[in-house]
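Chain order of the listed sequences is X and V. Numbering of the first sequence is given in this note's numbering, commencing with residue 1046 and proceeding in unit increments. Numbering of the second sequence is given in this note's numbering, commencing with residue 2 and proceeding in unit increments. The C-beta atom is built at its ideal place from N, Cα and C for all residues, glycine as well. Some notes on the structure that comes next.
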Amino acid sequence: EAAVTQSPRNKVTVTGGNVTLSCRQTNSHNYMYWYRQDTGHGLRLIHYSYGAGNLQIGDVPDGYKATRTTQEDFFLLLELASPSQTSLYFCASSDNFSQNTLYFGAGTRLSVL
Amino acid sequence: GQQVQQSPTSLVLQEGENAELQCNFSTSLNSMQWFYQRPGGSLVSVFYNPSGTKQSGRLTSTTVIKERRSSLHISSSQITDSGTYLCAMDANSGTYQRFGTGTKLQVVP
């Protein structure tokens, strides 16, 4: 069974704060993704990566950085958090691009006050 | 504009009733998937269904690529079916999957 682990599960920060969300997958998948989920918008892709050191932008990358340090680890960075980034964040992985199922983590709920 | 439209937005069923969830795509599609999200939880793939009909237990997915639509049929609904169902597609250009906004299903006794 594919395993994607996110941490922390919940995070509260203030406007202008610095936040790092972590994701680790243990399935040797090539692709990893960061999504945000908001009411009325569904899931929107922020960044994705197809291997260590690689980074691609998604549909809503503004205000976010990301880094893929190893095949297993993918981090999402909010360097100057804003209230508009309050959301539920999901990490996912897949073996190949788009044509294989995505395996999702449990999500991180972030509140920016 | 929104490339993936789902309907209905929400649905309440009595236990035992059937449901039909729809997903329509504004562009040509290469493949699509249905996901289930339990309340407050993560997403799990239900079907990967590029075309045709697939069945798993009480769930049936039918995708018609040339008509740019897919449906998810839930028969004899159960309370444990409650949650949000999302569809996702990737276009022929081979881009990453894009999600619809989901159908929130509530099954009541």
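- With respect to the 8 Å criterion, Leu-1123 of chain X and Gln-1116 of chain X are not classified as neighbours on the basis of their beta carbons.
- In this structure Gly-1096 of chain X touches Arg-1113 of chain X by the C-beta definition: roughly 7 Å separates them, less than 8 Å.
- Annotation: the continuous beta strand (DSSP E) that includes Glu-21 of chain V extends over 20 to 26.
- Secondary structure remark: continuous beta strand (DSSP E) runs of at least 3 residues inside the stretch 1075 to 1107 of chain X, in chain order: 1076 to 1083 and 1087 to 1094.
- For Lys-1110 of chain X, the enclosing beta strand (DSSP E) begins and ends at 1110 to 1113.
- Among the bridge pairs identified by DSSP, Leu-44 of chain V is matched with V:Gln-38.
- Listed as beta-bridge partners of Ile-75 of chain V by DSSP are V:Ala-20 and V:Leu-60.
- When DSSP states are grouped into helix, strand and coil, Asp-1140 of chain X belongs to the coil group.
- Non-local beta-carbon contacts of Gln-6 of chain V in its own chain, meaning distances under 6 Å to residues more than five positions away in sequence, involve Asn-25 in chain order.
- Bounds of the beta strand (DSSP E) holding Ser-1156 of chain X are 1153 to 1157.
- The C-beta separation of Pro-40 of chain V from Gly-84 of chain V comes to about 6 Å, placing the pair in contact by the 8 Å criterion.
- Across the set X:Val-1064, X:Met-1077 and X:Val-1105, the C-alpha of X:Met-1077 shows the shortest separation from the C-alpha of Asn-1099 of chain X.
- Note: Val-108 of chain V is bridge-paired with V:Leu-14 in the DSSP secondary-structure output.
- Around the C-beta of Gln-79 of chain V, fewer than 16 other C-beta atoms lie within 10 Å, and the residue is accordingly described as exposed.
- Spatial neighbours of Val-13 of chain V in its own chain (CB-CB distance under 6 Å, excluding positions within 5 residues in sequence) are listed in chain order as Gln-107.
- Sequence-distant partners of Lys-1056 of chain X (beyond 5 residues in either direction) whose C-beta falls short of 8 Å from its own C-beta, in its chain, are Val-1064, Leu-1066, Thr-1153, Arg-1154, Leu-1155 and Ser-1156.
- The contact set of Gln-34 of chain V on chain X, defined by CB atoms closer than 7 Å, consists of Thr-1146 in chain order.
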